[in-house]
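As they're listed, the protein sequences go chains A and G. Everything in the first sequence is counted per this note's numbering, starting at 30 for the first residue and increasing by one. Everything in the second sequence is counted per this note's numbering, starting at 14 for the first residue and increasing by one.
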Amino acid sequence: MLTIALAKGRILDATALILANAGYPVPADLGESRRLVLEDGRRDVRYLLAKPVDVPAYVEHGAADLGIVGKDVLYEKQADVHELLDLGIGVCRLVVAGWPHTDVGAVKRVATKYPRFTTDYFRRLGRQIEVIDLQGSVELAPLIGLADCIVDLVETGRTLAENGLGTLVELGTVSARLVANRRSYQLRATEVDAFVEALRQRAGGAAS
Amino acid sequence: MIREFEQWGYQSVETPLFEYAETIARGLHRDEDERLFRLFDREGRTIALRPEMTTPVARVATTLLAAETLPLRICYCAKTYSGRSGRAQEPVEVTQAGVELIGDSGPDADAEIIALMAGGLRAVGLTEFRFALGHMGFVQALFSVLAPGLRTRLRRALIAKDLVAYDATLAGEVQSLPADWLASLRIMPRIRGGKDAIEQARSIAFVEAAQRACDEWQELLTALSDHGVEDVVHLDLGLCLDHEYYTGITIEGYADALGQPIAFGGRYDALLAQFGNQAAATGCVVHVERVLAALGESSCGDPVRRLYYGANTRRLALAVGRELRRLEHRVAVAGVAPESEAGASAVGAVTGSGTGRSVAGFAPESETGGSTIADAAGAMNRGPWAMLANDGAVTASDEDFAALCRDIVRILAPGGDLSC
């Protein structure tokens with residue numbers, strides 16, 4: 030049996046859709062359900078519903094054979110896992126945002142949910158900054174003067190706009206990835222490859 | 014495990030905990046260089062705690078053992094130190110048990126290393142494990158026709174096991190590479206399996222050197238089959254270990270019970286030349302802590318039997334302890350039993366682990382002031398009291414004493430307590 034860790038929240042609906050299209054239907058009320066483990070005996074898979082930031086840990090330690098999680102989280106956690114497939118869902122832009130006309134080259138304090146990515150980015154710019162590690166509503170930080178700007182994921186940009194903030198620099202796009210535990214990738218290769226192939230056809234179809 | 018290594022004719026060596034940083038750097042990848050624990054010796058030279066054993070062993074092999082006849086068979090079990098990478102959840106201190114076979118360039122040597130490692134893992138009780146076999150020569154051959162920048166990016170993606178980045182890099186080269194090369198490169202890291210994987214590898218090997226790697230795989234699998242361990246390996250064409258020194262077959266081992274790999278190894282024919290003595294070499298290490306984690310609870314060996322003595326029975330208890338140890342049982346012999354387990358007033362009870370059996374062994378001696386040892390256990394009807402003189406000396410015949418020890422082993426389950 031394959032155990033697959035799914036990230037709750039932002040990408041869960043799209044994940045459920047892509048799984049269903051690949052022949053692995055999950056219950057419709059996945060998002061509302063309080064259940065943490067769902068079994069599909071017919072297809073011999075089990076789903077774990079985990080907080081996105083925890084998915085890399087479940088997969089790295091082998092508690093789950095596979096996981097579906099955003100590239101943003103993967104980069105931040107630097108988990109030692111196989112990254113097998115770009116599912117092309119949950120696509121978001123990673124941006125530096127703040128008050129309009131902020132000079133990104135001169136900021137000193139940056140609030141973010143992604144301290145690792147932020148530090149790397151500003152280090153490449155040759156800037157030494159103070160990173161303020163927040164867990165949510167990062168937009169609040171520049172509003173009240175806690176930080177000069179933020180590094181955050183943006184889907185539509187509405188939250189930014191409604192608070193008078195704007196995108197300063199586009200850093201890249203992130204999407205959901207299929208990752209595999211190292212042991213499972215080798216020792217359960219047949220099952221893993223079958224699942225990957227089912228999803229690849231689906232993901233390829235979505236992209237074209 | 015070391016015993017298994019030695020039975021295969023491998024000689025156990027120890028190397029210094031510190032090496033000159035420049036020595037260690039010969040076998041390192043750039044990222045690992047940053048993770049070294051460095052310090053200075055009295056002359057101000059930089060030394061470092063060894064982060065792995067292959068390079069120190071290569072140094073010893075080329076300098077101290079230069080006079081010996083090749084091939085050399087070396088094994089070790091040693092602590093290694095490396096700072097956290099932030100990537101793998103590695104502890105700073107890792108115990109590595111490994112083997113190196115130096116001076117033999119054929120696939121037979123690689124097969125011996127793998128069969129030996131499989132034997133070692135079985136010797137410590139691990140049953141569900143497998144080795145993935147890659148070949149640096151195959152990967153390098155396919156990459157050799159590519160531009161250096163592209164080669165580096167692809168290699169880095171393989172080491173990071175990031176197939177998304179690997180595919181994206183290739184997708185950017187659609188214009189510059191022949192379609193059949195591109196197709197081969199795309200499929201390459203996804204090929205895993207047994208003999209069929211070699212056929213697939215041949216079908217995409219568009220460079221002569223890659224065909225030679227396939228021949229080596231073929232020979233290796235045949236040799237492993239002769240060793241009787243072909244079922245513990247499979248091929249993984251994309252397996253790319255992040256040590257620069259690997260030149261041929263690469264090995265990564267996995268246990269079913271653990272999410273992380275437990276073993277690493279491969280052929281490193283160029284490393285010894287760096288110490289001024291060209292010789293082919295191959296080897297493999299296991300991370301002992303990970304093997305123990307894979308083994309779980311059963312890894313700690315037999316539980317300890319505990320034997321407690323009173324004022325007059327120390328001599329007997331110690332003699333019994335010696336005999337039990339000679340029979341390779343683990344036994345601790347101590348004074349008065351802890352209050353909770355076999356109280357001072359209670360008759361010494363055997364508390365077998367999980368058996369629920371309670372058999373009185375020897376009677377208490379203290380309160381009553383007597384020196385008799387009552388035999389409450391039917392199994393001990395030979396009368397152990399006859400084995401003690403008034404001064405506590407053991408007077409029993411060898412035969413009776415051996416019988417007593419056998420009885421005690423039977424009554425006193427591993428993990429249990431017995432007072433006398």
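For each residue, glycine too, the CB sits at the ideal point set by N, CA and C. Predicted model only: the values in this text are computed from it and were never measured.
{"Item": "Straight-line CA distance for G:R370 to A:D94?", "Value": "Residue confidence for G:R370 is low, a pLDDT of 32 falling below 50, so the modelled location carries little weight; the figure read from the coordinates is stated next. Each residue's Cα considered, the two are about 43 Å apart."}
{"Item": "Taking just the CA atoms, how far does A:D42 sit from G:F144?", "Value": "38 Å"}
{"Item": "With 8 Å set as the bound, which would you pick, yes or no: does the beta-carbon of G:G272 sit closer than that to a beta-carbon of chain A?", "Value": "yes"}
{"Item": "Write down every uninterrupted run of the alpha helix (DSSP H) in the segment 53-95 of chain G whose length is 4 residues or greater and which is fully enclosed by it, in chain order.", "Value": "67-76"}
{"Item": "According to DSSP, G:H300 sits in a beta bridge with which residue or residues?", "Value": "G:Q109"}
{"Item": "Do you know offhand how far G:E412's Cα is from G:C418's?", "Value": "10 Å"}
{"Item": "Which first and last residues belong to the alpha helix (DSSP H) in which G:T326 is found?", "Value": "Counting along the chain, G:T326 falls outside any alpha helix (DSSP H), and DSSP gives it neither H nor E."}
{"Item": "Can you give me the start and stop residues for the beta strand (DSSP E) that A:Y76 sits inside?", "Value": "V74 to A79"}
{"Item": "Is the segment 83-90 of chain G close to the segment 191-205 of chain G, with three or more CB pairs under 8 Å?", "Value": "no"}
{"Item": "Between A:I179 and A:G119, how many whole angstroms is the CB-CB distance? I'm expecting something under 8 Å.", "Value": "So it is not a contact: roughly 20 Å between Cβ atoms."}
{"Item": "Hey, does G:K174 have any beta-carbon neighbour from chain A nearer than 8 Å?", "Value": "yes"}
{"Item": "Straight-line CA distance for G:R446 to A:L59?", "Value": "Summary: the structure shown does not reach residue 446 of chain G, with chain G confined to residues 14 through 433, and so no result is reported for it."}
{"Item": "Could you tell me whether the segment 269-285 of chain G touches the segment 140-154 of chain G, using the rule of 3 or more Cβ pairs below 8 Å?", "Value": "yes"}
{"Item": "State the DSSP-derived secondary structure class of G:I200, mapped to helix, strand or coil.", "Value": "helix"}
{"Item": "Let me know if G:Y33 comes out buried or exposed under the rule of 16 or more other beta-carbons within 10 Å of its beta-carbon.", "Value": "exposed"}
{"Item": "Excluding the five sequence neighbours on either side, which residues of its own chain have a C-beta within less than 7 Å of the C-beta of G:P120, listed in chain order?", "Value": "E229, E232, L233 and A236"}
{"Item": "Pair every Cβ in the segment 179-194 of chain A with every Cβ in the segment 78-94 of chain A, then say whether three or more of these pairs are closer than 8 Å.", "Value": "no"}
{"Item": "By the 10 Å Cβ neighbour count, where 16 or more other Cβ atoms means buried, how is G:M66 classified, buried or exposed?", "Value": "buried"}
{"Item": "Count the other CB atoms, across all protein chains shown, that sit within 10 Å of the CB of G:T165; report buried if there are 16 or more and exposed otherwise.", "Value": "exposed"}
{"Item": "Once the 5 residues before and after G:A136 are set aside, which same chain residues still bring their CB inside 8 Å of it?", "Value": "M14, R16 and E17"}
{"Item": "Enumerated in chain order, which unbroken segments of the beta strand (DSSP E) with a length of 3 residues or greater are wholly contained in the segment 114-202 of chain G?", "Value": "142-148"}
{"Item": "Can you name, in chain order, every residue of its own chain whose Cβ lies under 7 Å from the Cβ of G:S25, other than the five neighbours on each side?", "Value": "I15, E19, C88 and Y89"}
{"Item": "Check the C-beta distance from A:V208 over to A:E112 and give it rounded, since I have them as a contact under 8 Å.", "Value": "5 Å"}
{"Item": "Determine the chain A residues that contact G:D269 at a beta-carbon separation under 8 Å, and present them in chain order.", "Value": "R212 and L216"}
{"Item": "Alpha carbons only, please: which of A:K100, A:A218, A:L197 and A:N50 is nearest the one belonging to A:A135?", "Value": "A:L197"}
{"Item": "Assuming A:E199 is part of the beta strand (DSSP E), what are its boundary residues?", "Value": "G195 to V203"}
{"Item": "Name the chain G residues whose beta carbon is nearer than 9 Å to that of A:D58?", "Value": "The contacting residues do not exist; A:D58 stays about 30 Å from chain G at best."}
{"Item": "Taking the Cβ atom as the reference point for each residue, do G:D123 and G:I275 lie within a distance shorter than 8 Å?", "Value": "no"}
{"Item": "Within a Cβ cutoff of 8 Å, which residues of the same chain sit near A:Q157, ignoring the five residues on either side of it in sequence?", "Value": "F151"}
{"Item": "For A:A86, report the span of its alpha helix (DSSP H) as first-last.", "Value": "V84 to E89"}
{"Item": "Considering only the beta carbon of each residue, do G:V346 and G:G334 sit closer than 8 Å?", "Value": "yes"}
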